[in-house]
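Peer 1: For my numbering, count along the sequence shown from 1 and bump the result up by 808.
Even glycine gets a Cβ: it sits at the ideal position worked out from N, Cα and C.
I have a structure here, written as structure tokens, and I will follow up with some questions on it.
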Amino acid sequence: MKNMTVETKNFPQGRFSERDLSWLSFNERVLDLAQDPNIPILERARFLAIFSSNLDEFFKVRIAGSKRRIEAGIAVRSASGMLPRELLSAVLNESYRLQKKHSEIFEKDVRPLLVEKDIRIIRWNELTEDEKKSLGTLFIEKIFPVLTPLAVDPAHPFPYISGLSLNLAVVINSPKNDTELFARVKVPPTFPRLINSQGQRFVPLEDVISAHLDLLFPGMTIVQHHAFRVTRNEDVEVEEDDAENLLDALERELTRRKFGAVVRLEVEEDIDEHVLELLVEELEASDNEVFKLPGLLDLRGLNDICNLNRDDLKFAKFIPRTNPQLATVETASAPDVFEALKTRDILLHHPYDSFSTSVQRFLEQASTDPKVLAIKQTLYRTSGDSPIVSSLIEAAHNGKQVLAIVEIKARFDEQANISWARKLEEAGVHVVYGVVGLKTHAKLSLVIRQENDKIKRYGHLGTGNYNPKTARSYEDLGLLTADPQITNDIAYLFNLLSGYSTNEEYDKLLVAPHSVRSGLIKKIKREIENHSQGKSSGIRIKCNSIVDEQTIDSLYEASNSGVKVELIVRGMCSIKPGVPGLSENITVRSILGRFLEHSRVYEFINDGQKEVWIGSADLMHRNLDRRVEALVQLEDAEHISYISTLLDLYLANSTAHWTLENDGKWSRTSQDSNGLPLLDAQEQLIKRKNLRGID
């Protein structure tokens, strides 16, 4: 099925919001959670750390990409109508505003509340003499040996500053000739960002180092010192010419990543102007890339205190439960997944349904089952100590044919995936890297089993990665199935990924880049036709991002035709809802909470015969055009009902949410008309799973 184009001649210019500014709005919603008095204080601190990590990645990729386009002389307007220079300026200004807001929330809100709970993040001058003495001993014995002060003078060029490293710019005076000199000291990332002084009193690592600079520069006078931090372009591009030796090409590119251009310079608010001038000149940073911030730099370090053993200051513990359809066929040690799938397909909802007793168990059981002949698996991101990879290795050792499609270009997981790929190859697993020019983002498993005189296939398709760690904190959906049509489709798709195939037609799947966009647009048009004929119609979509212009225009067309369109978008959204003559029938809301909302769901009313699809694809160009993605249709009535009920919960007026206005701004609704807190969707799902009573 070929991509279809939506007629846009009657649609106005400026109908798309700018995706990068929309992403920054998402990160501001994370800040809203850090300010929420109904959220436990350590969780609020964690949201501040998440904000920092999110923004770091944004700068490493999106800001870097904008600068690259400007340097290449590209003057093409974005879908929102902005030129690259206009966009870069707007994004940098908004990022700076948010970072200052982030710092202020920590200093004026979160930090004082932590003090009330006897958790203190203090500076060196607030320590007791005993604490200073103890930290001095720590410095001498453990920190001092790994520090390397680097002078800057005619004999010592300005040192390379690695991306995201915290550093001290030190000005010293030489008593020999009474001249001021400059040096740089890198704060070692091998130590905790916040050092536990005693009890629950934490001091920044750079303060400990700053207090002992005289030991690093003996005989010199320390004039001043200032913390600073650099972000560099870390996006990786591998040329198609390198595809034949992809591993080597990617490893070379990862080495180049370390030396990417500077895209942000964070400094303390009170930094000396002459020191700042030196940093700006040597790092070749522009004025609008300099972020002067109050308080501590790099608040990712708040994760150090979020892991304290203070359950009273965190979300109540939640233990995922075994899906009831698997629990009914539990053996002495674990569920028998194959036996369960002989009865019906199983819809999984993580983290509420345990990943370890479902998907992980599926592959563990397959690796040792003598009836299993082969296993095929995609790997995009997985955990450091991955039981999924271990199962594949064990299966190969047990003589089974094992195929692993390892996406080594998964951003910022490239090095880990290269290591896994080599480890799998050494174990005898057939490792391939997918289709040239495309990333393999589809979440697929296939097990081929000999049952009596027949071959039977079992499969899994999901919305999330095969990562047991993130499966405890990411909300995702998955389908375990023995449906012969679905498993046949998965088999064809694996053949496409590992061999040569021109197959673009599937019975139960939509597969990008060939049929996800066109398939979804066809279903949107069917809803338009149903509405025009007086039949029931409607569209509900839940995903991470919606920025694809063709799909958005088809949704605008549906709205103009009278079809109700309800969207639940966690991150970027380029749609402008509620615009007269364009999108009166479109609403957009966002749900954020303790779990990262990560599932993708596409529901169409279809004249009362609801059609529901789940899978790996968001509505973005990269997902629809440059990745292998898969959506699967749910056909079990209970599964469709579960998804509909889930969407009902997310869209209920009684559920806390953010609403996107037609000017691109988000407004939060967290209380009812009486000032009482609205329901938290994730907490409601936890309650429902707990009431199920199955461990």
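1. Quick check: what's the CA-CA separation for SER1162 versus ALA1279?
2. Kindly list the residues whose CB is nearer than 8 Å to the CB of ILE1003, restricted to its own chain and excluding five residues on each side of it in sequence; keep chain order.
3. CA-CA distance, LEU895 and LYS1150?
4. From PRO892 to GLY873, what distance separates their C-alpha atoms?
5. In this structure, does DSSP put LYS909 in helix, strand or coil?
6. Taking only three categories from DSSP, how would you classify GLY1327?
7. Suppose the cutoff is 6 Å on Cβ atoms and the five residues either side in sequence are ignored; what does the same chain contact list for ILE1448 look like?
8. Using the C-alpha atoms, what's the distance from LEU922 back to ILE929?
9. Is it buried or exposed, PHE952, if we count other Cβ atoms within 10 angstroms and call 16 or more buried?
10. Give me the Cα-Cα distance between VAL1098 and VAL1088, rounded to the nearest whole angstrom.
11. Apart from the five residues just before and just after HIS1339, which ones in its own chain have a Cβ nearer than 7 Å to its Cβ?
12. Let me check understanding here. Comparing Cα to Cα, which of LEU1200, HIS1249, GLN1168, ILE1256 lies closest to ALA1229?
13. Quick one: which unbroken alpha helix (DSSP H) runs of 4-plus residues sit fully inside the region 1442–1471? Chain order, please.
14. In the DSSP assignment, find the unbroken beta strand (DSSP E) run with ASP1284 in it and report its ends.
15. When the distance is taken between beta carbons, is GLY1286 closer than 8 Å to LEU1156?
16. For a test of the three-state rule: what should DSSP assign to SER1362, helix, strand or coil?
17. With DSSP as the reference, please indicate the residues paired to ALA1250 in a beta bridge.
18. Which value, in whole angstroms, describes the spacing of the CA atoms of PRO848 and LEU1484?
19. With C-beta atoms as the reference, is ASN981 less than 8 Å away from MET1028?
20. Using beta-carbon positions only, say whether LEU1091 and LEU1073 come within less than 8 Å of one another.
21. Smallest Cα separation from ARG1408: which of ASP1119, PRO1143, GLY1270?
22. Pair every Cβ in the region 1260–1267 with every Cβ in the region 1291–1299, then say whether three or more of these pairs are closer than 8 Å.
23. Report back the beta-carbon spacing between SER1514 and ALA1203 to the nearest angstrom; my notes put them in contact at under 8 Å.
24. In whole angstroms, give me the CA-to-CA distance for ILE1354 and SER833.
25. Using 8 Å for Cβ pairs, my map puts GLU1405 next to ARG1378. What's the rounded Cβ distance?
26. ARG1408 lies in the beta strand (DSSP E); which residues open and close that run?
27. Quick check on this structure: which residue in THR987, ILE927, LEU1024 has the alpha carbon closest to the alpha carbon of LEU958?
28. What separation, rounded to the nearest whole angstrom, lies between the Cα atoms of LYS1497 and GLU1283?
29. Span of the alpha helix (DSSP H) holding SER861?
30. Going along the chain, which residues of its own chain have a beta-carbon closer than 6 Å to the beta-carbon of ARG877, five neighbours each way excluded?
31. In chain order, what residues of the same chain have a beta carbon less than 6 Å from the beta carbon of ASP1357, not counting five sequence neighbours either side?
32. Whose C-beta lies closer than 6 Å to the C-beta of LEU1363 among residues of the same chain, with five residues either side of it excluded?
33. Inspect the CB distances between the region 1176–1187 and the region 1240–1254 and report whether three or more fall short of 8 Å.
34. Check whether the Cβ atoms of ALA1489 and LEU1457 lie closer than 8 Å to each other.
35. According to the neighbour-count rule (16 or more other Cβ atoms, all chains shown, within 10 Å of its Cβ), is ASP1119 buried or exposed?
36. Can you name the start and end residues of the alpha helix (DSSP H) that VAL1083 belongs to?
Peer 2: Checking against the coordinates, here is how it stands:
1. 8 Å
2. Closer than 8 Å at Cβ, skipping near neighbours: LEU943, LEU946, PHE1010, VAL1011, PRO1012, LEU1013, VAL1016.
3. C-alpha separation (whole angstroms): 54 Å.
4. 10 Å
5. helix
6. helix
7. LYS1418, VAL1420, LEU1442
8. 8 Å
9. exposed
10. 8 Å
11. SER1345, SER1369, GLY1370, VAL1371
12. The residue with the shortest Cα to Cα distance from ALA1229 is LEU1200.
13. 1445–1459
14. 1282–1289
15. For the 8 Å CB-CB criterion, LEU1156 and GLY1286 form a contact.
16. helix
17. Its beta-bridge partners do not exist; DSSP assigns none.
18. 17 Å
19. yes
20. yes
21. GLY1270
22. With a cut-off of 8 Å, the region 1291–1299 and the region 1260–1267 count as touching, because enough Cβ pairs lie within range.
23. Past the boundaries of the shown model lies residue 1514; the chain is included only from 809 to 1503, so the question cannot be answered.
24. 14 Å
25. 5 Å
26. First-last of the beta strand (DSSP E) with ARG1408: 1408–1412.
27. LEU1024
28. 14 Å
29. 849–866
30. PRO892
31. Here residue 1357 turns out to be Glu, not Asp, going by the sequence shown. Within the same chain, and ignoring the five residues on either side of GLU1357 in sequence, the residues whose Cβ sits closer than 6 Å to its Cβ are ALA887.
32. VAL1373
33. yes
34. yes
35. exposed
36. 1081–1091
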